[in-house]
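Okay, so here's the structure we're looking at.
Numbering (the working numbering), first residue to last: 1448 to 1612.
Dropping the structure here:
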């Protein structure tokens, strides 16, 4: 597989996290990617940082779902990854996620692990994992933890008209 994958990262005052997030995208073992940052008028250095690593940067006062839709609209990839700015991907995340797509599976999300160490973060991660597992067991749909890293085919994303505003 060598199709272009477009990463859409929405931001609002994310200077503390954004560089690590975007570097983790650039370090992916699957290399055919573009990075799109849609910023909601940050008041810190977020846009400046985004311009160092991203292929496209859009500044628009909007909520996250609208920003994701904007990123999808200007993307060139056949696949989209919607990624929160405070997420750091394992270097093989994209390659692994792409290998799971097929005719019946059009979207993939992966477990997220806390970057920060310490008891409070481990406890929070345990709680999120527990609730995710519980909701799955009682057949309540869920997408993942509070942070987001979701791969979806662009055709499937368009078929459902993107995110609800």
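The beta-carbon is built from N, C-alpha and C at its ideal position, and this holds for glycine as well.
For residue i and residue j, I'd like the C-alpha separation in whole angstroms.
i	j	result
residue 1568	residue 1463	17 Å
residue 1456	residue 1542	18 Å
residue 1605	residue 1466	29 Å
residue 1557	residue 1538	13 Å
residue 1526	residue 1469	17 Å
residue 1573	residue 1448	35 Å
Three-state secondary structure (DSSP) at residue i?
i	result
residue 1497	helix
residue 1601	helix
residue 1472	helix
residue 1449	coil
residue 1585	coil
residue 1519	helix
residue 1455	strand
residue 1503	strand
residue 1485	strand
residue 1513	helix
residue 1571	helix
residue 1536	coil
residue 1544	helix
residue 1463	coil
Measure from the alpha carbon of residue i to the alpha carbon of each residue in the options, then state which is nearest.
i	options	result
residue 1497	1552, 1512, 1477, 1473	1473
residue 1483	1476, 1493, 1502	1502
residue 1528	1605, 1612, 1449, 1600	1600
residue 1509	1487, 1536, 1525, 1603	1487
residue 1450	1469, 1479, 1475	1479
residue 1607	1490, 1571, 1553	1553
residue 1547	1521, 1598, 1586	1598
Can you find the residues in the same chain that come closer than 6 Å, C-beta to C-beta, to residue i, ignoring five residues on each side of it along the sequence?
i	result
residue 1518	1455, 1483, 1485
residue 1610	1512, 1515, 1516
residue 1593	Because the pLDDT at residue 1593 is just 47, under 50, the model does not fix this residue reliably, and the value given afterwards should be weighed accordingly. Within the same chain, residue 1593 has no close Cβ partners at all.
residue 1614	The chain is shown from 1448 up to 1612; residue 1614 falls before or after that span and cannot be answered.
Quick test of your reading: residue i and residue j, contact by CB under 8 Å. State the CB separation rounded to the nearest angstrom.
i	j	result
residue 1530	residue 1477	At roughly 14 Å, the Cβ-Cβ gap does not stay under 8 Å, so residue 1530 and residue 1477 are not in contact.
residue 1580	residue 1532	26 Å between Cβ atoms; not a contact.
Quick one: what's got a C-beta closer than 8 Å to residue i's C-beta in the same chain, skipping five residues either side?
i	result
residue 1523	1451, 1453, 1481
Please go through the same chain and pick out, in chain order, the residues whose beta-carbon is closer than 7 Å to the beta-carbon of residue i, but skip the five residues on each side of it.
i	result
residue 1506	1486, 1488, 1494
Should residue i be counted as a contact of the ligand FAD given a C-beta to heavy atom distance under 7 Å?
i	result
residue 1555	Absence of the ligand FAD from the depicted structure is noted, as is the absence of any ligand whatsoever, leaving it without description.
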